[in-house]
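S.K.: Numbering (the working numbering) for the sequence shown: 61 to 205.
Note that beta-carbon positions come from the ideal geometry of N, C-alpha and C, so glycine has one too.
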Amino acid sequence: MYPAVRLVPTITEYSIRYRPILGRSFRTGMTRSSIADPKKINEEVSKLLALKARLTSENGVDGDEGAQQKFTLKTPKGTRDYNPQHMALRLSVLDTIVTVFKRHGAETIDTPIFELKEVLTGKYGEDSKLIYDLADQGGELLSLR
């Protein structure tokens, strides 16, 4: 017979091995007892404020001014972004459609957005402008349509 092997450490082994790090905060390295010290908290806050000031000065943007800047994302041609109100309406319409389809016996299927190139070229033809070619890490040709 094989000798019994214990793979999981016991509670005492765990507490002895990890006791030095259990009482410390991983982010700041402060012990739990020193976290409640207001003096230590003020020191950490001042360090963070100094870091924030340094980062904003390196980027050449004032902290308040940077928060007020508008950031506009451009969407690719033929696509659009839906805000929360549009998404609520869109989901409501889609739920209604799915409910009607299921009532009449339809079932949901999910197909990948990419296929093997041979499958799509047989369907659309070699010169179709609807196919975008990709190659996976194994060298197999895939396509998006």
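1. Report back the beta-carbon spacing between L204 and Y192 to the nearest angstrom; my notes put them in contact at under 8 Å.
2. Can you tell me the Cα-Cα spacing of N143 and K130, whole angstroms?
3. Give the range of the beta strand (DSSP E) segment to which D193 is assigned.
4. Would you mind giving the Cβ-Cβ distance between L194 and L202, rounded to the nearest angstrom? I have them listed as a contact below 8 Å.
5. Quick one: what does DSSP say L12 is sitting in, helix, strand or coil?
6. Does E175 come out as helix, strand or coil in the three-state DSSP assignment?
7. Going by the beta-carbon positions, is the gap between D141 and T132 smaller than 8 Å?
8. In angstroms with no decimal places, state the Cα-to-Cα distance between E103 and L111.
9. Give the straight-line distance between the Cα atoms of I157 and R150, rounded to the nearest whole angstrom.
M.R.: Let me lay it out:
1. 4 Å
2. 16 Å
3. Y192 to A195
4. 5 Å
5. What the structure shows of the chain is the stretch from 61 to 205, and residue 12 is not part of that stretch, so it cannot be assessed.
6. strand
7. no
8. 12 Å
9. 11 Å
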